[in-house]
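A.B. asks: Quick one: the structure is below, questions incoming.
Protein chains in written order, with our numbering: chain A, 43 to 383; chain B, 43 to 383.
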């Protein structure tokens, strides 16, 4: 398989991106990498070109670029050229740690959508924080690719999310939940009421019903389906609240007496574990599901280890023919829908 | 002023409700209380009837009752009779710690809406958690009274929320933010894009623009306007994440060695402070803004102290003629809108 990598995206690019690619190359000898970036910068940090082809790009899309405009104007950027490689079938997937909006735009406008999927959704992986300390994760889809969704699109996210959880996470029959403002089936907005009906009507889906945002971190489902606006709001609330809570703890300790400071010192290893559990990057990158190939975004602050983990995640999608399964599932659904008309 | 109190709503009703009312009665001699509940139960916990009239009710709406049905069928319940007292102008406000949905339904169907306000919104108060340990709060509106909102309604929430912050919190020129999926003005759903335009066009509003859910706890605004579906999702995410984070800390400490356990012991006062800061009940009850009178819900687990704080909050609304100001603001806006047509 071939993976197109944007070597210039991310806070520590190209150094950590290239280092991560080399780690992955050393571990998986069936992957060829197309590394897009400023050749002189990339060559300075690349040790060994085995299974790695560097493609020179004169431009870089940065975090401040307006996504759609950047995709249209910066034709010689590492991101656009990486996406073009997927479009021309020279690569099977695209991976970037750069501008999320620009990567989504490249996914939609250059890589393209699977036939029958109007609005690809962004799938993120979040931690499950159980009281007994056991650890797991769940997927949230759409976590922000769209600002407005239709019920049919939420139903498609249930199908796509299920296939993702089966392919990449090896869950045989993933529990699918619908993010809603109450657990009872009669609760919801016009959108979620209709989506609930559509998902519930599909016997092949292991539907656990509505899930409230208050409960998502306790692990009621493996895949949480949401419209992109609310999914994004919940994702960012979780990030912000976890951060604010840790800040309050820090400030309380700073203001407390020497006993409390000593106590905090003794708890240092426990706090390091907590930080690691809350760290989303360990769970891999966000994936634009519904695009014709894996379009994968890892955190801007990714280091080589995160890059390696994300490449592993992409390899799982390709090894399990996830995209072909998507196309089949959507085609079957569309056929049924049309024959019902 | 007269306040109608549902003595039977809440986990510790009627004992803590009655105790809280007595505390408020002792503190404010200008409030008369109408206490609705099972008279024999209420009389058992009531010490002194000064300024308190007990009205016997044979029924109680509990947490499992379906809200609208309960309001329609349980005509002799403490909640319905308290709302009827507001409707007939025998009371100026209604207060309950019971079934939120039923109180909202009573507010909409019995107390009624201010003319020109199609969808009253629920205003909640949340803590601002700053890194330097200083403490404040902000209001979120609508935090869940509605599942579907229109742009015009979000604009009305900006007007109502501003008057609330001025009346109850004494903020002269409250900063109004709009909950959105990006900070730039061009970001958003169809709903938030349109609402943004309407709020920004009103020069009298101190509009700070879009606010992402990731930042709300850092205090970017005094009033955060949201549609009820997303507002509810963000409110519950914050609750759930704070709880999950504290659970992870607990479980990490339980699994850690004796040194860490000793450390945790030393940090006990700091953790108690953190819990207090995160506790929303100290900030008062949730208010249905847009109803003809204050309709106020405090947490189900409220004790006498919370009941007292919430009655104080209601007194501020009445003392500052908040409802008359609402009616004027809405009338002025509707006149302008009509003259523009």
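Beta carbons: idealized from backbone N, C-alpha and C, even for Gly.
Small disclaimer: the values here were computed from a predicted structure and weren't measured.
Could you tell me which residues DSSP puts in a beta bridge with residue 77(B)?
C.D. replies: Answer by DSSP bridge pairing, in chain order: 47(B) and 96(B).
A.B. asks: Could one say the Cβ of residue 250(B) lies closer than 8 Å to chain A's Cβ atoms, at least one of them?
C.D. replies: No, because no Cβ of chain A sits closer than 8 Å to the Cβ of residue 250(B).
A.B. asks: Taking the alpha-carbon positions, what's the residue 121(B) to residue 346(B) distance?
C.D. replies: Each residue's Cα considered, the two are about 19 Å apart.
A.B. asks: Less than 8 Å between the C-beta atoms of residue 61(A) and residue 113(A), yes or no?
C.D. replies: In this structure, residue 113(A) does not lie closer than 8 Å to residue 61(A) by Cβ.
A.B. asks: Got a sec: which bits of the stretch 79–112 of chain B sit with their beta carbon under 8 Å from any beta carbon on chain A, in order along the chain?
C.D. replies: Listed in sequence order: no entries.
A.B. asks: Starting from the Cα of residue 97(A), find the closest Cα among 111(A), 130(A), 81(A) and 90(A) and give me that residue.
C.D. replies: Of the listed residues, the one whose Cα sits closest to residue 97(A) is 81(A).
A.B. asks: With a threshold of 8 Å between beta-carbons, can residue 180(B) be considered close to chain A, or not?
C.D. replies: No, because no Cβ of chain A sits closer than 8 Å to the Cβ of residue 180(B).
A.B. asks: Taking CB distances under 8 Å as the criterion, tell me whether residue 219(B) reaches chain A.
C.D. replies: No, residue 219(B) lies away from the interface with chain A (no Cβ there is under 8 Å from its Cβ).
A.B. asks: For the structure I just gave you, are there three or more beta carbon pairs, one from the stretch 303–320 of chain B and one from the stretch 301–310 of chain A, closer than 8 Å?
C.D. replies: These segments touch.
A.B. asks: Starting from residue 260(A), follow the beta strand (DSSP E) in both directions and report where the run begins and ends.
C.D. replies: Careful: residue 260(A) lies outside any beta strand (DSSP E) and carries neither H nor E.
A.B. asks: Quick test of the definition: if touching needs 3 or more C-beta pairs under 8 Å, does the stretch 278–292 of chain B touch the stretch 226–238 of chain B?
C.D. replies: Too few Cβ pairs lie closer than 8 Å, so no.
A.B. asks: Under a three-way DSSP split, which group does residue 180(B) fall into?
C.D. replies: Correct three-state label for residue 180(B): strand.
A.B. asks: Closer than 9 Å by beta-carbon distance: list the chain A residues that pair up with residue 319(B), in chain order.
C.D. replies: Those within 9 Å of residue 319(B) in chain A are 290 and 294.
A.B. asks: If we require 4 or more residues per run, which alpha helix (DSSP H) segments fall completely within the stretch 98–171 of chain B?
C.D. replies: Complete alpha helix (DSSP H) runs here, min 4: 109–115, 120–129 and 142–148.
A.B. asks: Using three-state DSSP, classify residue 217(A) as helix, strand or coil.
C.D. replies: Residue state, collapsed to three classes: strand.
A.B. asks: Please report how far the alpha carbon of residue 138(A) lies from the alpha carbon of residue 217(A), in whole angstroms.
C.D. replies: Computed Cα separation, rounded: 29 Å.
A.B. asks: Would you kindly work out how many angstroms separate the C-alpha atoms of residue 270(A) and residue 188(A), rounded to a whole number?
C.D. replies: The straight-line gap from Cα to Cα measures roughly 5 Å.
A.B. asks: Would you call the CB atoms of residue 124(A) and residue 53(A) closer than 8 Å?
C.D. replies: No, the pair does not count as a contact, with Cβ atoms beyond the cut-off.
A.B. asks: Would you tell me roughly how many angstroms separate the C-alpha atoms of residue 365(A) and residue 132(A), rounded to the nearest one?
C.D. replies: Rounded to whole angstroms, residue 365(A) to residue 132(A) spans 16 Å at the Cα level.
A.B. asks: Rounded C-beta distance between residue 362(B) and residue 209(B)? I'm assuming under 8 Å.
C.D. replies: With a Cβ gap of about 4 Å, residue 362(B) and residue 209(B) count as contacting.
A.B. asks: What does the Cβ neighbour count give for residue 111(B), buried or exposed, with the cut at 16 atoms within 10 Å?
C.D. replies: The residue in question, residue 111(B), is exposed, as its Cβ has fewer than 16 Cβ neighbours within 10 Å.
A.B. asks: Which chain B residues sit within Cβ distance under 7 Å of residue 360(A)?
C.D. replies: Going along chain B, no residue has its Cβ under 7 Å from residue 360(A), so there is no contact; the nearest lies around 31 Å.
A.B. asks: Does any C-beta atom of chain A lie closer than 8 Å to the C-beta of residue 257(B)?
C.D. replies: Closer than 8 Å: yes.
A.B. asks: Round the Cβ separation of residue 153(A) and residue 333(A) to the nearest angstrom and send it over; I've been treating them as touching at under 8 Å.
C.D. replies: Right, their Cβ atoms sit about 5 Å apart.
A.B. asks: Using a cut-off of 8 Å between C-beta atoms, extract the partners of residue 311(B) located in chain A.
C.D. replies: Within 8 Å Cβ-Cβ: 298 and 302.
A.B. asks: Between residue 281(B) and chain A, is there a C-beta pair that is closer than 8 Å?
C.D. replies: Judged by the 8 Å Cβ criterion, residue 281(B) is in contact with chain A.
A.B. asks: Contact criterion: CB-CB distance below 8 Å. Does residue 357(B) meet it with respect to chain A?
C.D. replies: No, residue 357(B) lies away from the interface with chain A (no Cβ there is under 8 Å from its Cβ).
A.B. asks: Go ahead and pull the three-state DSSP assignment for residue 328(A).
C.D. replies: Correct three-state label for residue 328(A): strand.
A.B. asks: In the structure shown, what three-state DSSP assignment does residue 70(B) receive?
C.D. replies: In this structure, residue 70(B) counts as coil in the three-state DSSP scheme.
A.B. asks: At the 8 Å Cβ level, is residue 237(A) part of the contact set with chain B, yes or no?
C.D. replies: So, not an interface residue.
A.B. asks: Could you tell me which chain A residues have their CB closer than 9 Å to the CB of residue 190(B), listed as they occur along the chain?
C.D. replies: Within chain A, the residues near residue 190(B) are 231, 232 and 233.
A.B. asks: With residue 126(A) and residue 193(A) assumed to form a contact (beta carbons below 8 Å), what rounded beta-carbon distance in angstroms separates them?
C.D. replies: That pair is no contact at about 34 Å.
A.B. asks: So residue 251(A) is in the beta strand (DSSP E); what residue range does that whole segment cover?
C.D. replies: Run containing residue 251(A): 248–253, per the beta strand (DSSP E) assignment.
A.B. asks: Grouping DSSP H, G and I as helix and E and B as strand, with all else coil, what is residue 339(B)?
C.D. replies: Reduced to three states, the DSSP call for residue 339(B) is strand.
A.B. asks: Interface residues of chain B around residue 135(A) at Cβ under 8 Å?
C.D. replies: Neighbours of residue 135(A) on chain B: none; closest Cβ ~26 Å, over 8 Å.
A.B. asks: Kindly identify the DSSP beta-bridge partner or partners of residue 333(B).
C.D. replies: Beta-bridge pairing links residue 333(B) to 155(B) and 331(B).
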